[in-house]
Structure formats: C-alpha cells, structure tokens
Ligand code: AMP
Ligand code: MG
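Numbering (the numbering used here), first residue to last: 58 to 534.
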C-alpha cells in the first residue's frame with residue numbers, strides 16, 4: 058500500500074523551506090524498525106523497501122523532501138541561521154483516522170542551512186533517538202516517534218570516525234517554537250499567522266474560530282504537561298533550545314538526553330552544558346523561558362495582556378500534572394496539595410541517598426497497609442528516616458478504600474520496571490557498531506512494555522552499575 062501524502066507545508070510556505078533531495082546510502086541496511094508504527098502507517102507489506110526508502114537510495118513515492126527554515130534561541134542566545142541542516146521533511150502522510158504524520162529523514166546530507174556541517178547523523182545518535190522516543194511514548198509521555206534506523210556505508214567524522222545512519226522521525230508536526238521566532242524576527246506576518254492556522258487546522262481543530270490567545274494557551278498547557286511528565290519520570294532532555302521545542306508540546310530532538318539513574322535533581326546530562334542551564338531541575342523554568350520567547354514571537358497576533366495571562370497558567374498547570382502523576386506513582390487514588398510534603402520528603406530522601414529514582418517507586422508497591430515496615434527499607438542507609446516516612450505513607454494509604462493488591466497493580470502500571478538507562482543504550486550501541494543489531498531490537502522490544510515484568514529480562518530491571526552511571530554521553534550527533 059502506498060502512503061497517502063498531503064504536503065501542505067510545501068504548498069503553503071514556500072518562503073519557509075528549501076527543496077532538497079536526500080543524498081542516500083548506496084548500501085542501506087535496516088538496523089531496527091518500529092513494527093507498530095510501520096503497520097499504523099500502512100507499510101506492513103513494504104518491509105523490504107524500508108531500507109531503500111528511509112536510507113535515501115530510492116525516492117519515497119509521494120514525498121516532497123524539503124529542509125525547513127526556522128531559527129531559535131540556543132543556550133539563551135538567538136541564532137537566526139538555523140534550519141534543518143541535515144534533516145528533511147519528506148512530507149505529511151494521512152493516517153486512517155483523518156490525522157496527519159510528518160515523515161522526516163535525519164542524516165540525509167547537507168542542506169542550505171547546514172552551516173558547514175556534513176549533513177550526516179551517526180548510528181549512535183540515531184539509535185539513541187529511536188530508543189528514547191519510543192521509551193517515552195510507552196511511558197505515556199508526549200513525544201515524536203521513530204519509524205526506523207537505517208545504517209549506511211559512509212564513515213562520518215565526529216570525535217572518532219563513526220558509521221553514518223539515518224533516522225526516520227514520525228511526528229504530528231515538525232513546527233517548532235523557532236518557526237514562529239523566525240517569522241517574527243524577519244517580519245513575516247503572513248507566514249506567522251499561516252503557521253498558527255496550519256497547526257490549528259491540522260492538529261487542534263477544536264480551536265478553529267477561537268481567538269488566537271487560545272492557541273497560545275494550548276501551547277502553554279501542552280508544554281507544561283510534557284515537562285511535568287519529564288520531571289515525574291526522571292527524563293532530562295539536555296538541549297532545551299527553542300528550535301528543539303515542538304509547538305504541539307511533544308518531546309522533540311533527542312541529543313545527549315538522559316533518564317535519571319540515581320535521583321540527582323541537579324543532574325546535567327549534556328557535558329557541553331557547563332553552566333548547567335539545562336539541568337534536570339531547571340527544566341520547568343527553562344520551558345517557561347522558551348514559552349516567553351514564543352510569546353514574543355506571537356505578539357503581532359495576540360495582545361500582550363493575553364500572552365502574560367497565558368504564561369501565568371504554566372506553573373499551576375505544570376504543578377497539577379506533576380502532582381497527579383506523582384500521586385499515581387505512589388498509589389494514591391485522589392491526590393491533593395496536602396500530599397505534596399509526602400512526595401517532597403521522599404524525593405529529599407532519594408536525593409540524599411542517591412537512590413535509584415524509578416526503582417524506588419516500583420519497590421513501594423510492596424507496601425502492605427497492616428505491616429509497619431515496607432520491605433524496600435533494606436535498600437536505604439538511613440532506615441529510621443525511611444521508616445518514619447513510611448509510617449506516614451502507610452497511614453495515607455489507609456485513608457483510601459483500595460486493597461494492597463489493587464494498589465500494587467495500579468502502581469506497577471505507573472512505575473516502570475525497565476528504564477532506558479544510559480548504559481543499556483550504550484551496550485546496544487556498542488554491539489550495533491560491530492554490526493550486531495540484536496541488542497537494539499531487544500531493548501526496543503523491552504521498552505514497549507516498560508511496566509510489565511518480562512521473563513528472562515531481570516538483568517534489565519536492575520540499578521545501573523557504577524561504571525554505567527559515570528558514562529559520559531557525547532553531545533555530537
Ligand atoms: P541539534 O543540536 O541537533 O538540535 O542541531 C542544531 C542545528 O544544527 C540544527 O539546525 C541542525 O540541523 C544543525 N546540525 C546539527 N548537526 C548537523 C550536521 N552534522 N550537519 C548539518 N547540520 C547540522
Ligand atoms: Mg535540533
């Protein structure tokens with residue numbers, strides 16, 4: 058079955074892109090494919106063509122490849138020179154439900170926005186994006202998706218010579234905050250409004266006919282929810298530049314990201330981020346900072362009082378989503394602000410003891426209301442402190458009308474057993490670089506069901522070994 062394209066971006070925004078054909082691999086090799094997404098897009102019968110289409114050797118029928126122009130704030134500084142330097146929007150594909158998916162090929166050669174870069178992506182970073190976006194998706198965190206990774210024969214120079222690859226990203230949209238910033242700073246008023254209308258018509262049709270401020274409010278709320286879920290599950294994005302922020306509030310552009318192993322609120326996953334601008338605990342305030350940039354860009358369309366009022370909704374929206382998710386993680390049926398001290402004291406204990414963030418919640422599922430002690434106390438150094446917290450937690454659990462078993466099942470559905478730990482990704486990448494893709498596929502399989510105990514996979518449900526926590530992720534990609 059062929060994909061059904063409707064390439065409205067190409068049609069409507071000629072001033073916001075450069076048409077560009079992919080520079081394909083001569084010998085593309087499929088590393089991993091997302092079977093569910095392949096099927097959802099109607100490509101199940103086309104398995105043997107995936108490497109050729111998404112390794113750029115053969116043109117994808119219906120695609121209209123182009124490099125998008127956008128700008129953005131990188132580490133707080135406006136950069137007018139940005140755009141897809143090595144990524145191409147292949148086009149917008151209709152799904153069976155009347156929705157659209159952007160297909161985007163990353164690593165297909167330099168574009169007019171490459172700024173001297175080689176336009177390529179390395180196998181390591183493509184695997185990292187593939188695994189992370191699927192891991193987040195299956196945790197219920199809004200994110201772009203990944204269709205497949207295709208390795209090529211090209212050597213690519215980074216800190217070392219690495220193998221080149223391409224990632225096909227599938228996203229509801231590739232419109233970034235930076236698209237609006239470009240239009241604003243260049244005085245492209247018609248395009249600015251056109252982009253907003255395009256996003257509304259394609260993705261938020263319920264906003265049609267409403268004042269423009271409602272659009273910005275929607276972006277604020279979606280962004281708040283995304284970041285609240287990052288904080289609740291311990292995801293550090295690493296490069297929260299405004300060109301890496303999707304207008305739909307989907308996690309976007311995976312570079313040197315990291316999932317927390319030990320709970321370290323100040324964790325900086327990006328080793329080039331010397332000031333810690335994008336530290337884990339700074340993410341909410343940076344997201345708000347990015348929304349301020351977007352507000353400025355939308356100021357020709359929305360009155361400043363309305364922009365300010367919408368920005369003020371960010372903090373309460375984020376706190377609400379965070380509290381709700383942390384409540385689920387603790388097995389609380391109804392959570393309120395009164396539960397915040399219970400959550401915060403647990404987090405302080407996890408931080409002081411450098412406990413594994415995600416496993417700590419999974420272990421709490423073993424709590425039994427009639428017992429004084431929770432078995433996972435043995436993991437803690439300061440048992441008296443843990444027991445004192447546990448006493449309050451158990452008292453809180455007794456206030457609700459749920460049995461231990463039901464609560465544990467609900468908690469297991471909120472607390473992943475399998476997390477995309479850096480060292481697990483690294484093991485899979487090391488094998489892939491030797492030509493063995495089985496570990497990438499195994500890890501991907503596991504992360505599709507992060508909450509369910511899977512036979513024979515106990516080794517993947519353990520804390521990271523010390524060497525694994527110390528791994529430095531290269532931010533070159
Ligand atoms: P990123 O840090 O991946 O979000 O990239 C920031 C900007 O640099 C984007 O405009 C990318 O398209 C561009 N870029 C990153 N790596 C390359 C590369 N190897 N060649 C060309 N452009 C690149
Ligand atoms: Mg980017």
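For glycine and all other residues, C-beta sits at the position ideal for the given N, C-alpha and C.
- Message: When you compare the segment 296-305 with the segment 229-242, are there three or more beta-carbon pairs, one atom per stretch, that lie closer than 8 Å?
- Response: yes
- Can residue 408 and residue 320 be called in contact, C-beta distance under 7 Å? Walking along the chain shown from the start, residue 408 turns up at place 351. Walking along the chain shown from the start, residue 320 turns up at place 263. It is a contact, given that the beta carbons lie within the stated cut-off.
- Query: From 271, 190, 272 and 201, pick the residue whose C-alpha is nearest to that of residue 157; which is it?
  - Reply: Sequence index remark: in the chain shown, residue 157 carries index 100 (1-based). Measuring from the Cα of residue 157, the nearest candidate turns out to be 201.
- Query: Where does residue 383 fall in DSSP's three states?
  - Reply: If you number the chain shown from 1, residue 383 lands on position 326. Helix, per DSSP.
- Item | Start and end residues, alpha helix (DSSP H) containing residue 527 | On the chain shown, position 470 is the one that residue 527 refers to. Run containing residue 527: none; DSSP gives neither H nor E here.
- Task: Give every residue of the same chain whose Cβ lies closer than 6 Å to the Cβ of residue 205, excluding the five residues on either side of it in the sequence, and list them in chain order.
- Result: The sequence position of residue 205 within the chain shown is 148, counting from 1. Cβ within range, chain order: 90, 107, 111 and 225.
- What is the residue span of the beta strand (DSSP E) that residue 207 lies within? Locating residue 207 in the chain shown gives position 150, counting from the first residue. Here the beta strand (DSSP E) through residue 207 covers 202-214.
- Query: Would you report the Cα separation of residue 256 and residue 150, rounded to the nearest angstrom?
  - Reply: Locating residue 256 in the chain shown gives position 199, counting from the first residue. Locating residue 150 in the chain shown gives position 93, counting from the first residue. About 15 Å.
- Query: Near residue 175, which residues of its chain fall below 7 Å by C-beta distance, leaving aside the five closest residues on each side in sequence?
  - Reply: Position 118 of the chain shown, counted from the start, is the residue given in the question as residue 175. Excluding residues within five positions, the ones whose Cβ falls inside 7 Å are 167 and 213.
- Are there 16 or more other CB atoms within 10 angstroms of the CB of residue 249, so buried, or fewer, so exposed? Within the chain shown, residue 249 is the residue found at index 192, counting from 1. Label assigned to residue 249: buried.
- Burial state of residue 380 (16 or more Cβ within 10 Å): Mapped onto the chain shown, residue 380 falls at position 323. Buried, since its Cβ has 16 or more Cβ neighbours within 10 Å.
- Message: Does the beta-carbon of residue 181, which I'm using as the reference point, lie nearer than 6 Å to any heavy atom of ligand 1?
- Response: The residue labelled residue 181 in the question sits at position 124 within the chain shown. Checking every heavy atom of ligand 1 against the Cβ of residue 181, none is found closer than 6 Å.
- Message: Rounded to whole angstroms, what is the Cα-Cα separation between residue 253 and residue 339?
- Response: As a working mapping, residue 253 is identified with position 196 in the chain shown. As a working mapping, residue 339 is identified with position 282 in the chain shown. Between residue 253 and residue 339, the alpha-carbon positions lie close to 28 Å from each other.
- Within 6 Å of ligand 2: residues by beta-carbon to any heavy atom: Those residues whose C-beta sits under 6 Å from the nearest heavy atom of ligand 2 are, from N- to C-terminal order along the chain, 300, 301 and 310.
- Message: Measuring only from the beta carbon, is residue 510 closer than 6 Å to any heavy atom that is part of ligand 1?
- Response: Sequence index remark: in the chain shown, residue 510 carries index 453 (1-based). Because no heavy atom of ligand 1 lies under 6 Å away, the Cβ of residue 510 does not count as near it: no.
- Item | Three-way DSSP call (helix, strand, coil) for residue 168 in this model | Within the chain shown, numbered from 1, the residue matching residue 168 stands at position 111. Residue 168 falls in the coil class under three-state DSSP.
- Using 8 Å as the Cβ pair cut-off and three pairs as the minimum, do the segment 432-445 and the segment 456-471 touch? The segment 432-445, when compared against the segment 456-471, does not touch it at the 8 Å Cβ threshold.
- Item | Alpha-carbon spacing of residue 420 relative to residue 192, whole angstroms | Here the question's residue 420 lines up with position 363 in the chain shown. Here the question's residue 192 lines up with position 135 in the chain shown. Distance between the alpha carbons of residue 420 and residue 192: 21 Å.
- Query: Is the CB-CB distance between residue 208 and residue 296 below 7 Å?
  - Reply: Numbered from 1 along the chain shown, position 151 holds the residue referred to as residue 208. Numbered from 1 along the chain shown, position 239 holds the residue referred to as residue 296. Taking 7 Å as the Cβ cut-off, residue 208 and residue 296 do not qualify as a contacting pair.
- Query: Does any heavy atom of ligand 1 sit closer than 6 Å to the C-beta of residue 419?
  - Reply: Translated into the one-based positions of the chain shown, residue 419 becomes position 362. Checking the Cβ of residue 419 against ligand 1 gives no.
- For residue 429, does the count of other Cβ atoms within 10 angstroms reach 16, so buried, or fall short, so exposed? By one-based count along the chain shown, residue 429 stands at place 372. Exposed is the call here.
- Query: For residue 297, which of helix, strand or coil comes out of DSSP?
  - Reply: As a position in the chain shown, residue 297 is number 240, starting the count at 1. Here residue 297 sits in coil by DSSP.
- Message: Quick check: does the Cβ of residue 334 come within less than 6 Å of any heavy atom belonging to ligand 1?
- Response: To locate residue 334, count along the chain shown from 1; it is residue 277. No, ligand 1 has no heavy atom inside 6 Å of this Cβ.
- Do residue 367 and residue 273 have their C-beta atoms within less than 7 Å of each other? Here residue 367 is taken as the residue at index 310 of the chain shown, counted from 1. Here residue 273 is taken as the residue at index 216 of the chain shown, counted from 1. Yes. Within cutoff.
- Message: For residue 480 and residue 504, which I take to be in contact (beta-carbon distance under 8 Å), what is that distance rounded to the nearest angstrom?
- Response: One-based indexing of the chain shown puts residue 480 at position 423. One-based indexing of the chain shown puts residue 504 at position 447. Incorrect: roughly 14 Å between the Cβ atoms, too far for contact.
- Task: Measure how close the beta-carbons of residue 308 and residue 198 come, nearest whole angstrom, since I'm counting them as under 8 Å.
- Result: Here residue 308 is taken as the residue at index 251 of the chain shown, counted from 1. Here residue 198 is taken as the residue at index 141 of the chain shown, counted from 1. Indeed, because the Cβ distance is near 6 Å, the residues count as touching under 8 Å.
- Is it the case that the CB of residue 221 approaches a heavy atom of ligand 1 more closely than 6 Å? For the purposes of this step, residue 221 is identified with residue 164 of the chain shown, where counting begins at 1. No, Cβ of residue 221 sits at least 6 Å from all heavy atoms of ligand 1.
- Residue from 186, 195 and 203 with nearest C-alpha to residue 159: The count along the chain shown starts at 1 and reaches residue 159 at position 102. Residue 159 has its Cα closest to that of 203, out of 186, 195 and 203.
- Task: In angstroms with no decimal places, state the Cα-to-Cα distance between residue 525 and residue 390.
- Result: As a first step, residue 525 is located in the chain shown; it is residue number 468 there, counting from the start. As a first step, residue 390 is located in the chain shown; it is residue number 333 there, counting from the start. About 35 Å.
- Query: Can the beta-carbon of residue 461 be found less than 7 Å from the beta-carbon of residue 425?
  - Reply: Taking the chain shown and counting its residues from 1, one reaches residue 461 at position 404. Taking the chain shown and counting its residues from 1, one reaches residue 425 at position 368. It is a contact, given that the beta carbons lie within the stated cut-off.
- Taking 6 Å as the cut-off, is the CB of residue 139 close to at least one heavy atom of ligand 1? Within the chain shown, numbered from 1, the residue matching residue 139 stands at position 82. Yes, ligand 1 has a heavy atom inside 6 Å of this Cβ.
- Hey, how far is the Cα of residue 125 from the Cα of residue 400? Along the chain shown, read from residue 1 onward, the residue named residue 125 stands at position 68. Along the chain shown, read from residue 1 onward, the residue named residue 400 stands at position 343. The straight-line gap from Cα to Cα measures roughly 43 Å.
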